[in-house]
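Have a look at the structure below, then the notes.
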């Protein structure tokens, strides 16, 4: 019997995504039967005190402050990139050169030129690589994919429409943050949340053939910590229409200006025999209309996606006991570890992330 | 070919129910192919000016003020009773003696003694008779009945629970009205709205074997028009549990003290293979859970009950174009006219209304 | 005291819209205190037998078969046009010349050239004129307008997105009908249902500055009555993005290929202090998010739009007793009659309908 | 500065509740700033291999098999009882004698006699004690409590109605399990899930004055592992009506025979100025009707209980990112540890659990 492998992880980033990924690395082995042991070896951040606290609270063996050193460290197997977007490319390319398996937060890069270099790097080094589009692994979304693939809504897709709406900067007095600056974030709502629904469009329906788009920056300047105003040079919202290569129609909206919508990633897909609809704010549900039901009893079914045979669910709780946002990261880690050990490609990999990046660029150009 | 019959109607009552029934008599022949012509001959009220106005506005040939005369009038075929509850028995008995077909608003009477006399009268005279439990003829409710009868939720019913909740007297300053006085109304929430859900319980599941109940009058006195206080001697709310003869469990609630619930008649029925749920505030919908669906795709279906093959619907509008509250009265009239012409019993008839009345009495006693 | 006026109406068209308008003319005086009496003088159709039946069933004094004669008839005050779209212009222009008040079904015409001629005609003759965009007068939609105008969602609108989705031709075997032929209908989903949401966009938010669009005909040919195939030369679906002149973003979708969506006209509007959302399949509801509520108690309110102080409601039933689809036509008639008698412009008038028509043309061009 | 304390925990039980509590002990220090360190010292089960596996997977230092030894072990500070109900009393009494802080799964005991002895034991030993009615600490439920206490629904409660409905044994072929045997479980749906809603009734509204009840065992025998049939001697469902001491009316239902209801703990509370409604299947939501809103804008608000100022939320994720079932146990642990360290009583303590137990007994007697 071969010795069971241990995979040592270094996490870069200590903020929101750092917390979410830390939790996922901790929880994955508690609920899933992983094919390797996980060692949470190091967490890396620039702020020494904050990183030390994070290491202790989040369960990492040590705090480190030099991403180049930890990325090169021969004891590390996996580099997990949770930094702001402008650091993704440099770190990922270094990690690839050092032969690490790489998990990178979305969007893969600030633009497709950067993303292209990252793909080249991981291909050259042949390292396992994955972009953390975690919503693919919400059970209801994974079920959507299964149901489309098995023909539950027919052999032809007519419409995919998705909306990712938040309201955290709808208030004009919300201050300037890095997500509102082009040089760090690359884009605004488009790259931050629009990237998720483009990934889902491609995951669930297929490649996009063309787009038209409009964008807007509703609040043009924001107050900085220095009590001066800085220009907002990213989009607050973007609306997109287009077509998929398979003939389906596409409609997308990403906005941070929808009061009352806290984290509403919703989509509806219409096929020739039925429809599927999802809303992340009700993430344990999937609505399904089956046109094959008898006419008197047709209606959208409100499936509670917590049954043992639903994707990822049997490892959690009994039917009707819902899971939360962070579980989608646990599922991502579970599948990434499985991909590393079985040497099968992880999905979505960097090449896939590049395709999404190209659509982001396409939309940006179309919206000018 | 036999000459087509004309049925002349006299309506007693000019208020809320008078308006609803008038509309139904007017609209029924416009949308349904009735087996007789309808003549809206007379509307009867005590207030001369008000009744004259009602006649004109609501479409009646003449206004009359003496219910005894119109009930005895040989040119009248149908007496439609929409008066306060305390007048039901006397009018219905007179109308039966005069050989009229009778439609009576619910509850049939103030108590089962009165109701018994009404049943005796219509049996003796063999006149067509019907109690206007209009909610039986909401399409979604009629569909519920059809689906239970065809075994869609299995051959065994486990639970029927219904709630009729309103909030129009939850405010302590709401004044005294006849519905809050025992000598006119018979009872409070119980007879007014509780009667509807008892009728539906019996219609959908079967006869009730026994009950336990509690009742409450939350606001004990109300201001009258004379600026003095009068005692509220009816129930504000009643809660009931019990069993049906077929073994199913019963749970009922009628209340006028549920802020936010405007006219919420809701029920849920659980059977051995599925469940059905309804809410009058969403009256064009029926929720259906089919335990025979594949496990991954089970969920309550939100059926929009506006398809051509749904009960009563093909006479109205295309799919998805909803109907309103008053349409349930139109359906009641349609079926009543059909029963008169075809000489088949109307449902629910007075005998059926008496059974409901006995359950009301049973609950009143249990709740003491 | 001036003698009360009687307005004589001639209705052109006996099908779906003919039935809906007939009902509205009949019901309006029963529930609303109109400033004139209504005489339902004539209904006009080409099929003699069918038109005679319609006259009797729908309550018109006489059936006529020559639209030119009835339009010129000096005893007629109002011409109500419910014919297929290709006849709108010719009839309306003749009616204007004859000095009639004109109510015309939407879309006003097949294109803006036709619509322009109609506007010229009514302006020249100074006759009252209105386009029957009935959904403006759904109480929840009228309430939306009131709430926007009084600043309930702030002084700035960020987003208007609307969708009109049906599924009646999603089945490939559905046969060819006039609505799928360009020469009769002008366009497909765009003109039929898209026109409604464009009208609502303009009504609720303001004029549209520019659009991008994609369209698709999913099923390219349909079986005719002659058992041969005919080409579908209208759009099955159209997706639009754009901007309003006031800076708000626009997103529209009209489709007949959304299985499970029977008559789903839905919109969501986001403003700087709140949001409003509506769905015609739940037409007695309006969802309202008020960003001024205390943070712990913020959430979309599900307003049941059946309170006495909601638009049009006090003339119907008590709170919680819902109204149906056809009531929106009653409200339209009520306001049209009021406009005629008070000599105030009806809204939306033909000039308004022309503006909507121009947006339809703009979208058609953009979608090529 | 006083040395920071470490609390050593022994968990008894390795099944569903064992997993849920293990997760809570692991996660609490990762997301909350606890006033003590937690040492997950031992997990105890009868099945040696299974317990060893559980220890490893769930994160316990050692597996032990003798509950008496571990309960007496001087290195243990906290005993967490997750065994079947029939073992609660004996273990808790031993743990109390050994001076341990005790967290006990609900229901506290099989009956109030047992519960009384447990209360006596913890009082005598003055040890911290808590019953794990975890649903009190779902954020939406904790918010309900806060809003009632601050008068958001008025100074008077009219109605509390709750339902706990599941469907896992609605299928007649589901086999015999310990939860269906009186001698182990004490009661059926009543004690298992009814206990939760009785606890919530008492937590949210106050003490119960009296009850009437009916119960039923729909499926009287079930197949055992030995392929013979055993009698089901617990209730499958129970319906309760009653009154609170403060005059509010009570309606409860607990059932395992509601197809489609997976884990539906729902309640609605009506007060003199508003209403609150909750459904565990949508556990991140709370519906709130405020009768003080302007009439045109009144409606149930659908509050997404994920704002930073909602109970427990700021320690998790940003607004709109929902949490799951197991988080309610984390909150329970957090509050229990706080109670131990600050020497304040934990809520609900055993004395509180005894009161709930007495209501369970009262219902059982009433339902005979």
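Chains as they are written, first to last, in this note's numbering: chain A, 1 to 368; chain B, 369 to 736; chain C, 737 to 1104; chain D, 1105 to 1472. We put the beta carbon where it would ideally sit given N, CA and C, even for glycine.
Classification of residue i by the beta-carbon crowding that lies within 10 angstroms, buried from 16 upward
| i | result |
| --- | --- |
| residue 508/B | buried |
| residue 773/C | exposed |
| residue 965/C | exposed |
| residue 710/B | exposed |
| residue 801/C | exposed |
Residue i beta carbon near the ligand MN (any heavy atom closer than 7 Å)
| i | result |
| --- | --- |
| residue 1278/D | The ligand MN is not among the ligands present in this structure, which contains no ligands whatsoever. |
Test: residue i CB closer than 8 Å to a CB of chain B
| i | result |
| --- | --- |
| residue 1292/D | no |
| residue 1317/D | yes |
| residue 1413/D | no |
Chain B residues whose Cβ lies nearer than 8 Å to that of residue i
| i | result |
| --- | --- |
| residue 795/C | 398 |
Within chain C, the residues that residue i reaches when beta carbons sit closer than 9 Å
| i | result |
| --- | --- |
| residue 1333/D | The premise fails here: residue 1333/D is roughly 44 Å from chain C at the closest Cβ pair, so nothing lies under 9 Å. |
| residue 158/A | 906, 952, 954, 972, 973, 991, 993, 994 and 995 |
Per-residue contacts from residue i into chain A (C-beta, under 8 Å)
| i | result |
| --- | --- |
| residue 1429/D | 317, 321, 322 and 323 |
| residue 1009/C | 259 |
Simplified DSSP assignment, three categories, for residue i
| i | result |
| --- | --- |
| residue 3/A | coil |
| residue 260/A | coil |
| residue 1346/D | strand |
| residue 599/B | strand |
| residue 616/B | coil |
| residue 1387/D | coil |
| residue 366/A | helix |
| residue 888/C | coil |
| residue 493/B | helix |
Residue-chain proximity (residue i, chain A), Cβ-Cβ < 8 Å
| i | result |
| --- | --- |
| residue 667/B | yes |
| residue 1451/D | no |
| residue 906/C | yes |
| residue 1461/D | no |
DSSP beta-bridge partners of residue i
| i | result |
| --- | --- |
| residue 312/A | For residue 312/A, which the question treats as bridged, DSSP gives no partner whatsoever. |
| residue 306/A | According to DSSP, which records beta bridges pairwise, residue 306/A is partnered with nothing at all. |
| residue 1454/D | Residue 1454/D is not bridged to any residue. |
| residue 411/B | 379/B and 431/B |
Cutoff 8 Å: residue i Cβ touching any chain D Cβ
| i | result |
| --- | --- |
| residue 1014/C | no |
| residue 623/B | yes |
| residue 529/B | yes |
| residue 879/C | yes |
Neighbouring residues, chain C, relative to residue i (Cβ below 8 Å)
| i | result |
| --- | --- |
| residue 1392/D | 1033 and 1035 |
Contacts that residue i makes with chain B (C-beta to C-beta distance below 7 Å)
| i | result |
| --- | --- |
| residue 1353/D | 582, 584, 605 and 607 |
Within chain C, partners of residue i - CB distance below 7 Å
| i | result |
| --- | --- |
| residue 671/B | Those do not exist, as residue 671/B stays about 10 Å from chain C at its closest Cβ, beyond 7 Å. |
Cross-chain neighbours of residue i in chain A, by beta carbon under 7 Å
| i | result |
| --- | --- |
| residue 1371/D | Those do not exist, as residue 1371/D stays about 16 Å from chain A at its closest Cβ, beyond 7 Å. |
| residue 1006/C | 257, 258 and 259 |
| residue 1387/D | 322 |
CB contact check: residue i to chain C, cutoff 8 Å
| i | result |
| --- | --- |
| residue 1308/D | no |
| residue 630/B | yes |
Listed by chain order, chain D residues near residue i by CB distance under 9 Å
| i | result |
| --- | --- |
| residue 16/A | 1421 and 1422 |
| residue 610/B | 1318 and 1343 |
Cross-chain neighbours of residue i in chain D, by beta carbon under 7 Å
| i | result |
| --- | --- |
| residue 377/A | Not covered by the structure: residue 377/A. The range shown for chain A is 1 to 368. |
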